[in-house]
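Student: Protein chains in written order, with the working numbering: chain A, 1 to 285; chain B, 1 to 294; chain C, 1 to 346.
Below is a structure I'd like to ask you about.
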């Protein structure tokens with residue numbers, strides 16, 4: 001049985017009219033994410049179809065499924081790296097139609113990637129400062145002329161960057177080139193960079209990939225800590241079932257681009273369709 | 001009407017020359033992913049060999065053409081082996097600068113040998129001209145040979161890359177070097193072969209170009225080289241029909257632009273059309289759109 | 001980190017200032033006439049190299065038409081200076097030079113914006129070919145423009161039939177330019193360029209430009225509009241190139257549009273690559289040395305360019321080939337880490 005990470009936010013799930021679950025505490029808050037009939041075609045192939053999901057304002061949700069189920073494609077749709085063919089995406093109740101990746105980030109969607117695309121030639125601190133792009137408001141002229149606003153905002157950004165880095169114990173490595181960090185630290189830095197954009201919905205694409213069990217359990221605690229501190233929603237793709245079952249409140253299972261099950265970790269583990277998707281159908285004889 | 005037809009024919013003629021150069025450019029780009037700026041100067045070398053063959057050695061034109069193709073093929077392989085091969089793993093800028101260095105080298109070497117002044121180039125084809133429409137429209141034999149060569153080369157190359165073993169290896173290497181190597185394809189030899197073919201085409205283009213315009217100097221190749229590269233991009237770089245289409249369209253645009261809009265702005269019109277096309281079709285007319293992996 | 005940035009500022013500015021004082025001293029003490037004549041063009045080429053390095057090194061885009069912006073700036077500078085002198089009787093050379101350089105920067109900036117907005121959507125080699133095309137278009141257009149000043153008004157024409165004092169004479173280019181540019185003015189422009197580029201690189205917009213270079217998708221995922229920042233770098237670079245052009249144009253009496261052709265763009269790119277991509281001090285040194293050296297080697301004019309070509313190829317192979325690098329690393333293992341530490345901000 002996977003270990004549960006305790007949180008001050010623990011509350012039961014309630015069923016929503018859209019056949020989604022959200023935590024009870026989020027019932028009277030605008031959900032961080034709502035999708036309706038989301039779908040995308042790649043040259044005739046339906047990669048994601050009729051994807052409906054609601055994520056509460058402070059929920060930690062999991063998106064799981066076998067390889068090639070379309071999980072990362074969902075992330076790419078939610079961040080508008082791909083333009084959806086059908087359906088709507090609401091972030092904090094705001095329709096994202098005609099908005100691009102940059103505008104979605106400004107609305108509060110931040111994400112990490114499987115291949116950890118850090119700005120390798122910049123320092124750790126600079127990577128985090130770049131995450132603060134939306135709140136660092138001075139323009140090019142202010143920067144070139146070194147006006148007082150430059151000094152003030154640079155100082156504020158520096159302090160905030162170190163504060164965020166300290167969540168993941170990276171503050172000592174602030175001057176390192178991001179590309180020279182070890183693998184696990186790069187993953188953590190990417191999460192910090194995404195957090196620095198001040199999101200309301202954080203999308204984590206396989207955050208525990210390549211981590212050993214002790215690193216993973218530390219990561220689990222950190223994810224819960226992030227949610228508790230910043231009161232944001234987190235949606236994560238993960239193959240490590242201990243992590244998913246340990247921290248996710250609601251889980252959504254995807255197979256061949258379609259949702260095959262939604263529910264609490266206990267419900268998901270008991271759903272035959274999920275077991276079948278992962279292990280294959282039992283041969284009838 | 002007659003003048004329109006004659007512009008049309010000379011446009012296709014110029015376009016065919018561009019297309020032959022562009023085919024070489026495009027193949028090399030497709031496989032080595034580099035802008036081979038020395039390609040234009042290989043054209044010039046090819047023309048000089050043919051020039052020497054008839055002027056100094058008194059060989060018949062056909063032998064001159066064969067000699068120039070042979071020399072340029074060797075030159076292409078040598079350039080690739082000496083200058084580009086050590087830089088297989090290097091950044092694209094380093095390769096670009098090396099190619100530019102190679103272009104300077106060829107131009108200045110030619111200038112040392114033949115001097116900076118233009119020489120009179122005798123056409124290699126001389127069976128008069130065809131008169132059409134009661135003598136109002138004359139088509140020179142050079143034009144006919146150029147256009148026919150262009151078509152033959154395109155058909156041959158399409159067959160070669162589609163149906164032969166080496167051709168398939170070339171396409172594999174241009175898609176993915178690593179995977180091709182794992183499939184047992186000799187990547188280095190394939191790239192060498194591509195340079196050889198590209199340079200042989202450049203030699204033919206050089207002879208045809210100079211047969212049409214009858215002058216030759218060390219910088220003869222650079223402008224047609226740039227234009228041919230533009231043509232390759234215009235048609236969609238890496239694509240054989242694209243290079244052919246781009247070359248012919250470019251020749252037509254240049255000829256008509258010079259004739260009907262402004263004789264001085266011919267080049268500006270060509271380049272302006274290129275920019276406009278790329279804005280609407282960022283990968284050229286027949287280029288493939290590639291989806292970015294995330 | 002702060003210390004490292006400060007040190008790189010000090011080294012770069014110190015180098016430029018010392019070189020300036022050195023040149024000023026030797027101008028009165030035995031500097032050859034040809035070298036004296038080269039001082040202002042060297043400043044102009046240094047600014048060109050720095051501004052191209054902003055595009056190639058910091059923004060990571062290849063531009064093969066940078067001389068086009070120089071051309072726009074040079075002709076604007078000459079026109080403004082001639083207009084002020086002939087139309088408004090402005091005698092002050094400092095005033096004319098200043099306004100000429102500012103005007104050159106402005107027009108080149110506008111050209112950079114117009115070409116950058118559509119073109120920066122293209123990637124990699126397509127961008128290169130379009131900038132190349134742009135450079136050729138500029139050259140071609142200036143080739144068939146005649147500009148003159150008559151009274152207070154400027155006249156533009158596409159034939160040589162223009163009234164008053166001719167400033168730009170079609171294919172002959174700018175004629176009878178008042179040579180008002182001075183070496184100290186060139187020095188100030190180099191300093192100005194350095195301040196702009198180094199301050200930009202070490203500020204948030206500069207970091208955003210580098211982020212867009214390193215990873216487009218990651219940059220967009222943290223809210224950085226890649227197109228905006230690439231355009232910012234490109235336009236800033238065009239402005240600086242235009243200023244360099246105006247300085248250059250106002251330092252020689254006659255020049256024609258073909259002065260700023262594809263080969264000039266390539267030469268500037270060679271400065272940037274040999275000086276080290278993204279390395280501003282390197283650009284300065286490479287631009288200065290590679291402008292002086294060919295002049296010094298005029299005696300061997302026949303073999304000069306051939307040797308240059310060979311050296312260029314050899315340097316590229318020596319610095320970029322995996323085998324050669326391995327060989328160097330074998331004999332001097334320390335060298336590699338030194339190189340790695342170099343690609344910082346200055």
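Quick reminder that beta carbons are idealized off the backbone N, C-alpha and C, glycines included.
Can you tell which of 167(C), 34(C), 162(C) and 190(C) has the C-alpha that lies nearest to the C-alpha of residue 295(C)?
Tutor: The shortest Cα separation from residue 295(C) among 167(C), 34(C), 162(C) and 190(C) belongs to 34(C).
Student: Output needed for residue 199(A): all residues of its chain with C-beta closer than 7 angstroms, excluding positions within five of it in sequence on either side, in chain order.
Tutor: Answer for residue 199(A): 108, 109, 110 and 232, listed in chain order.
Student: Let me know if residue 186(A) comes out buried or exposed under the rule of 16 or more other beta-carbons within 10 Å of its beta-carbon.
Tutor: Answer is buried; the Cβ neighbour count reaches 16.
Student: Could you list which residues in chain C have their beta carbon closer than 8 angstroms to that of residue 87(B), in chain order?
Tutor: Simply 316, 317, 320 and 321.
Student: Could you check whether the Cβ of residue 207(C) sits closer than 8 angstroms to any Cβ belonging to chain A?
Tutor: Judged by the 8 angstroms Cβ criterion, residue 207(C) is in contact with chain A.
Student: Are there 16 or more other CB atoms within 10 angstroms of the CB of residue 261(B), so buried, or fewer, so exposed?
Tutor: Looking at its Cβ environment, which holds fewer than 16 other Cβ atoms inside 10 Å, residue 261(B) is exposed.
Student: What does DSSP give as the partner residues of residue 255(A) in its beta bridges?
Tutor: Bridge partners of residue 255(A): 258(A).
Student: Does residue 93(A) come out as helix, strand or coil in the three-state DSSP assignment?
Tutor: Here residue 93(A) sits in coil by DSSP.
Student: Going by DSSP, name the residue or residues bridged to residue 150(C).
Tutor: For residue 150(C), which the question treats as bridged, DSSP gives the partners 153(C).
Student: Using a C-beta to C-beta distance shorter than 7 angstroms, which residues of chain C count as neighbours of residue 101(A)?
Tutor: 220 and 221, listed in chain order.
Student: Any idea if residue 29(C) is buried or exposed, counting beta-carbon neighbours within 10 angstroms, 16 or more meaning buried?
Tutor: Under this definition residue 29(C) is an exposed residue.
Student: Does any CB atom of chain C fall closer than 8 angstroms to the CB of residue 278(B)?
Tutor: Answer yes: the Cβ-Cβ gap between residue 278(B) and chain C drops below 8 angstroms somewhere.
Student: Cβ of residue 255(C) within 7 angstroms of any heavy atom in the ligand NAP?
Tutor: Of ligands this structure carries none, so the ligand NAP is not represented either.
Student: Using a Cβ-Cβ cut-off of 8 angstroms (strictly less than) and excluding sequence neighbours within five positions of residue 16(C), which residues of its own chain qualify?
Tutor: These residues qualify, in order along the chain: 187, 190, 191, 194 and 284.
Student: Verify the CB distance criterion: does residue 214(C) have a CB-CB separation below 8 angstroms to chain B?
Tutor: So no, residue 214(C) is outside the interface.
Student: Can a CB atom of chain B be found closer than 8 angstroms to the CB of residue 262(C)?
Tutor: Chain B contact via Cβ: present.
Student: Just checking: is the beta-carbon of residue 126(B) within a distance shorter than 8 angstroms of some beta-carbon in chain C?
Tutor: It does not; no Cβ of chain C falls within 8 angstroms.
Student: Whole angstroms is fine: what's the gap from residue 2(C)'s alpha carbon to residue 78(C)'s?
Tutor: So the two alpha carbons sit approximately 42 angstroms from each other.
Student: Where are the alpha helix (DSSP H) runs, 4 residues long or more, that stay fully inside the region 243–290 of chain C, in chain order?
Tutor: If we require 4 residues or more, the alpha helix (DSSP H) runs fully inside the region 243–290 of chain C come out as 262–275.
Student: Can you list, in chain order, the residues of its chain whose CB lies under 7 angstroms from that of residue 233(C), leaving out five sequence neighbours each side?
Tutor: Result list for residue 233(C): 54, 55, 58, 59 and 209, in chain order.
Student: Let's see if you can read the secondary structure: which residues bound the alpha helix (DSSP H) around residue 321(A)?
Tutor: Only positions 1 to 285 of chain A appear in the structure, and residue 321(A) is not among them; the question remains open.
Student: Looking only at its chain, what residues have a beta carbon closer than 7 angstroms to the beta carbon of residue 150(A), apart from the 5 residues adjacent to it on each side?
Tutor: Within the same chain, residue 150(A) has close Cβ partners 138, 142 and 143.
Student: Looking at the structure shown, is residue 34(A) part of a helix, part of a strand, or coil, going by DSSP?
Tutor: Here residue 34(A) sits in strand by DSSP.
Student: With 8 angstroms as the threshold, decide whether the Cβ of residue 23(C) is near any Cβ in chain B.
Tutor: Residue 23(C) does not count as touching chain B.
Student: Is the beta carbon of residue 164(A) sitting closer than 8 angstroms to the one on residue 124(A)?
Tutor: Against a cut-off of 8 angstroms, the Cβ pair of residue 124(A) and residue 164(A) comes out as no contact.
Student: Could you tell me which residues DSSP puts in a beta bridge with residue 169(C)?
Tutor: Looking at the DSSP assignment, residue 169(C) forms a beta bridge with 146(C).
Student: Mind the definition here: the region 225–234 of chain B touches the region 255–274 of chain B only if three or more C-beta pairs lie below 8 angstroms; say whether that holds.
Tutor: Touching, yes.
Student: Of all the residues that make up the region 192–203 of chain C, which are near chain A by a beta-carbon distance shorter than 7 angstroms?
Tutor: For the region 192–203 of chain C, which is checked against every Cβ of chain A, the residues closer than 7 angstroms are 196, 199, 200 and 203.
Student: Who are the near neighbours of residue 39(C) in its chain, counting only those whose CB is closer than 8 angstroms to its CB and skipping five residues on each side?
Tutor: Counting only Cβ-Cβ distances below 8 angstroms, and skipping sequence neighbours, we find 23, 27, 183 and 186.
Student: Can you tell which of 109(C), 129(C), 94(C) and 143(C) has its C-alpha closest to the C-alpha of residue 260(C)?
Tutor: Selected option, being the one with the closest Cα: 143(C).
Student: Are at least three pairs of beta-carbons, each pair with one atom in the region 26–41 of chain B and one in the region 214–231 of chain B, less than 8 angstroms apart?
Tutor: At 8 angstroms Cβ cutoff, the stretches touch.
Student: Going by C-alpha to C-alpha distance, which of 223(C), 158(C) and 12(C) sits closest to residue 102(A)?
Tutor: Looking at the Cα atoms, 223(C) is the closest of the given residues.
Student: Taking residue 51(A) as the reference, which of 274(A), 272(A), 100(A) and 260(A) has the closest Cα?
Tutor: Looking at the Cα atoms, 260(A) is the closest of the given residues.
Student: For residue 8(B), collect the residues of the same chain with a Cβ closer than 6 angstroms to its Cβ; drop the 5 residues on either side in sequence, then sort them by chain order.
Tutor: Nothing listed; no residue qualifies.
Student: Any idea which residues DSSP pairs residue 287(A) with across the strands?
Tutor: Given that chain A is displayed from residue 1 to residue 285, the structure contains no residue 287(A) and the question cannot be resolved.
Student: According to the neighbour-count rule (16 or more other Cβ atoms, all chains shown, within 10 Å of its Cβ), is residue 163(C) buried or exposed?
Tutor: Exposed is the call here.
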